[in-house]
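Novice:
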Amino acid sequence: MKIIVNGKPVETGAQSLAALLEELGYGGVVVATAVNGDFTPVARRAETELKDGDQIEVLAPMQGG
Amino acid sequence: MEVYGTKLTSRLLLGTSQYPSPAILADAVKAAGSDVVTVSLRRESGVERAGQGFWSLIRSLGVKVLPNTAGCHTVKEAVATAQMAREVFGTPWIKLEVIGNHDTLQPDPFALVEAAGILTRDGFQVFPYTTDDLIVAEKLVEAGCQVLMPWGAPIGSGKGLNNRFALRSMRAHFPDVPLVVDAGIGLPSHAADAMELGYDAILLNTAVAKAGDPVRMAEAFRHAVEAGRLAFEADPMEPRDMAAPSTPVLGTAFRS
Chain Y
1 MKIIVNGKPV ETGAQSLAAL LEELGYGGVV VATAVNGDFT PVARRAETEL KDGDQIEVLA
61 PMQGG
Chain A
1001 MEVYGTKLTS RLLLGTSQYP SPAILADAVK AAGSDVVTVS LRRESGVERA GQGFWSLIRS
1061 LGVKVLPNTA GCHTVKEAVA TAQMAREVFG TPWIKLEVIG NHDTLQPDPF ALVEAAGILT
1121 RDGFQVFPYT TDDLIVAEKL VEAGCQVLMP WGAPIGSGKG LNNRFALRSM RAHFPDVPLV
1181 VDAGIGLPSH AADAMELGYD AILLNTAVAK AGDPVRMAEA FRHAVEAGRL AFEADPMEPR
1241 DMAAPSTPVL GTAFRS
C-alpha cells in the first residue's frame, strides 16, 4: 500500500505503525509519531493498523527557540 | 523564581537553535548559566537520525527542557505536537506557540487560548507565547496557565521592547503571575530593561546564537538579566525633569 511518511510517498507492506518504523530504520530511535494528525503513543504503535493513504509523522528532538 | 512548583536558579531561558556548532551551543548554555533550554520536534529520517545526537548533547548538559510547538498554525497541530513532545522529552512543560501570521510570527490569540485550555485539562503545564494584550493574558490564566510569556518584539527581530507601556501594564495587572519576555530581545540592555520593569525572566535564542561570539554574548546576557533583577529589587529612583545636585551644596567654595 501507499502511505505518506513525513510528507513523502512510501510503498510499504507493513501492517502496523510499529512494523513500519522498523522497516524504515527507526528501530531504537527516539521518535514520536502521529497518524493522520493525531498523536499515537509508543504503547499503541503495535496495535495501530495502517491503511492506504495514511499520513504518518515521525518526529525527533531538534533545536528550538 | 518558581514556575509550576519548580524552582529555577537562573532567570535566563535559552533557545538551542541556530548556533554555529553543537560545541558552541553547549558552551553558550553554560556561559548563560541557564537551567532551562527550549527544544523542538522536527521530522526525522530513519537513516540520518539527526535528532538523536542533539538529544544526547542536551541531556549531557543537565538542564531542564522546555519543548515548543514552533511552526504550528492550528489548535490541532499544536495539541498533537505538544503530546508528541511530552512523550519524547518526558516533561509536562510545553512552550505553546500557535502562529497566526507567517511574516510577523505573531500568536493567534484565539487558537492559543483554546489550545492552552485543552492542554491544561490534559495535564500539561503550559508556557504560552503570547502578545502583550491584557485580555488575552487574562483568558490564558483562566485557561490554567500559571506563567505568561509576552513578546518584546517579533521573533528573531532583535528590536527589544516594542511596547514598553503595554509590558508595564501587564506587570501591574498580573503582580503574582510569573512573566517572561519571550522573543524580540536583541541586546543585553533590552533584557536588563525588561528585568528592571519587574519581569521575572527572559527567554531568548537568536540574540545569542547569531552573535559573532555566542558564548561571550551568553555571558553578557547572564550579567544583564542579573543586573536588571537586582535593580528592580533595589527599587530604582524616580526620574525627574529638573537637575538636582548630587554633591552637597552647603560649604561650596567661592560662594558668599
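Quick note, the sequences are listed as chains Y and A, same order. Residue 7 in our numbering sits at position 7 of the first sequence; the count goes up by one each step and never skips. Each number in our numbering comes from the position in the second sequence (counting from 1) with 1000 added on. Glycine residues also receive a C-beta, built at the ideal position from the N, C-alpha and C atoms.
For a contact meaning CB atoms closer than 9 Å, what does Leu1230 (chain A) contact in chain Y?
Specialist: Working through the second sequence from its first residue, we reach residue 1230 (chain A) at position 230. In chain order: nothing, as chain Y lies at least about 27 Å away.
Novice: Does the stretch 1023-1032 of chain A come into contact with the stretch 1066-1082 of chain A, if we say contact requires no fewer than three beta-carbon pairs (one atom in each stretch) closer than 8 Å?
Specialist: The answer is no - the stretch 1066-1082 of chain A does not touch the stretch 1023-1032 of chain A, with fewer than three Cβ pairs under 8 Å.
Novice: Give the DSSP-derived three-state secondary structure of Glu1002 (chain A) in the structure shown.
Specialist: Position 2 of the second sequence holds residue 1002 (chain A). In this structure, Glu1002 (chain A) counts as strand in the three-state DSSP scheme.
Novice: Round the Cβ separation of Ala1023 (chain A) and Glu1219 (chain A) to the nearest angstrom and send it over; I've been treating them as touching at under 8 Å.
Specialist: For the purposes of this step, residue 1023 (chain A) is taken as residue 23 along the second sequence, with counting starting at 1. For the purposes of this step, residue 1219 (chain A) is taken as residue 219 along the second sequence, with counting starting at 1. That belief does not hold up - the Cβ atoms of Ala1023 (chain A) and Glu1219 (chain A) are roughly 16 Å apart, past 8 Å.
Novice: Quick one: using the 10 Å Cβ neighbour count with 16 as the cut-off for buried, is Ile1058 (chain A) buried or exposed?
Specialist: The residue labelled residue 1058 (chain A) in the question sits at position 58 within the second sequence. Buried, by the Cβ-count rule.
Novice: Using a Cβ-Cβ cut-off of 9 Å, state whether Leu17 (chain Y) counts as contacting chain A.
Specialist: Sequence index remark: in the first sequence, residue 17 (chain Y) carries index 17 (1-based). By this cut-off, Leu17 (chain Y) is not an interface position.
Novice: Are the beta-carbon atoms of Glu23 (chain Y) and Gly7 (chain Y) separated by less than 9 Å?
Specialist: Counting from 1 along the first sequence, the entry for residue 23 (chain Y) is found at position 23. Counting from 1 along the first sequence, the entry for residue 7 (chain Y) is found at position 7. For Glu23 (chain Y) and Gly7 (chain Y), no; Cβs fall outside 9 Å.
Novice: Tell me, to the nearest whole angstrom, how far the beta carbon of Gln55 (chain Y) is from that of Asn36 (chain Y); I am working on the premise that it is less than 8 Å.
Specialist: Taking the first sequence and counting its residues from 1, one reaches residue 55 (chain Y) at position 55. Taking the first sequence and counting its residues from 1, one reaches residue 36 (chain Y) at position 36. Indeed, because the Cβ distance is near 5 Å, the residues count as touching under 8 Å.
Novice: Report the residue ranges of all beta strand (DSSP E) runs contained in full by the stretch 30-56 of chain Y; include only those spanning at least 3 residues, in chain order.
Specialist: The stretch 30-56 of chain Y contains these whole beta strand (DSSP E) runs: 32-35, 38-40.
Novice: From this set, A:Leu1250, A:Pro1236, A:Phe1127, A:Pro1154, which residue's C-alpha is nearest Pro1036 (chain A)'s C-alpha?
Specialist: As a working mapping, residue 1036 (chain A) is identified with position 36 in the second sequence. Here residue 1036 (chain A) turns out to be Val, not Pro, going by the sequence shown. The residue with the shortest Cα to Cα distance from Val1036 (chain A) is A:Phe1127.
Novice: So Trp1093 (chain A) contacts chain Y; which residues on that side make the cut at Cβ distance below 8 Å?
Specialist: For the purposes of this step, residue 1093 (chain A) is identified with residue 93 of the second sequence, where counting begins at 1. Result: empty, since nearest Cβ-Cβ is about 13 Å, beyond 8 Å.
Novice: Step through the CB atoms of chain A and report whether any lies within less than 9 Å of the CB of Thr33 (chain Y).
Specialist: The residue given as residue 33 (chain Y) occupies position 33 in the first sequence. Judged by the 9 Å Cβ criterion, Thr33 (chain Y) is in contact with chain A.
Novice: Which of helix, strand or coil does DSSP assign to Ile1094 (chain A)?
Specialist: Counting from one through the second sequence, the residue named residue 1094 (chain A) turns up at place 94. Three-state DSSP puts Ile1094 (chain A) in a strand.
Novice: So which of A:Thr1206, A:Leu1008, A:Val1088 has the shortest CA-CA distance to Ala43 (chain Y)?
Specialist: In the first sequence, residue 43 (chain Y) corresponds to position 43, counting from 1. The residue with the shortest Cα to Cα distance from Ala43 (chain Y) is A:Val1088.
Novice: Helix, strand or coil for Ser16 (chain Y), going by three-state DSSP, please let me know.
Specialist: Numbered from its first residue, the first sequence carries residue 16 (chain Y) at position 16. It is a strand residue.
Novice: Is Phe1124 (chain A) buried or exposed, if buried means 16 or more other CB atoms sit within 10 Å of its CB?
Specialist: As a working mapping, residue 1124 (chain A) is identified with position 124 in the second sequence. Result: buried.
Novice: From what residue to what residue does the beta strand (DSSP E) around Pro1067 (chain A) run?
Specialist: If you number the second sequence from 1, residue 1067 (chain A) lands on position 67. Unbroken beta strand (DSSP E) run through Pro1067 (chain A): 1064-1067.
Novice: Does Gly1184 (chain A) come out as helix, strand or coil in the three-state DSSP assignment?
Specialist: Within the second sequence, residue 1184 (chain A) is the residue found at index 184, counting from 1. DSSP places Gly1184 (chain A) in coil when its eight states are reduced to three.
Novice: Would Gly1033 (chain A) and Ser1010 (chain A) be called neighbours here (beta carbons separated by less than 9 Å)?
Specialist: Your numbering for residue 1033 (chain A) matches position 33 in the second sequence. Your numbering for residue 1010 (chain A) matches position 10 in the second sequence. In contact: Gly1033 (chain A) and Ser1010 (chain A) (Cβ atoms closer than 9 Å).
Novice: I want to know whether the stretch 1126-1142 of chain A touches the stretch 1164-1179 of chain A - three or more CB-CB distances under 8 Å.
Specialist: Verdict: yes, contact present.
Novice: Leaving out five residues on either side along the sequence, give the residues of the same chain with a beta carbon under 8 Å from the beta carbon of Arg1171 (chain A).
Specialist: Here residue 1171 (chain A) refers to the residue found at position 171 of the second sequence. Same-chain partners within the cutoff: Leu1179, Leu1197, Gly1198, Tyr1199.
Novice: Out of curiosity, what's the CA-to-CA distance linking Ser1256 (chain A) and Met1242 (chain A)?
Specialist: Along the second sequence, read from residue 1 onward, the residue named residue 1256 (chain A) stands at position 256. Along the second sequence, read from residue 1 onward, the residue named residue 1242 (chain A) stands at position 242. Computed Cα separation, rounded: 25 Å.
Novice: Pull up the DSSP beta-bridge partners for Arg1042 (chain A), would you.
Specialist: Mapped onto the second sequence, residue 1042 (chain A) falls at position 42. Looking at the DSSP assignment, Arg1042 (chain A) forms a beta bridge with Y:Ala60.
Novice: If you pair each beta-carbon of the stretch 1201-1212 of chain A with each one of the stretch 1238-1254 of chain A, do three or more pairs fall below 8 Å?
Specialist: Touching, no, given that fewer than three Cβ pairs across the two stretches are closer than 8 Å.
Novice: Let me check one thing: in DSSP terms, what residues is Gln1125 (chain A) bridge-paired to?
Specialist: Translated into positions along the second sequence, residue 1125 (chain A) becomes position 125. According to DSSP, which records beta bridges pairwise, Gln1125 (chain A) is partnered with A:Trp1093.
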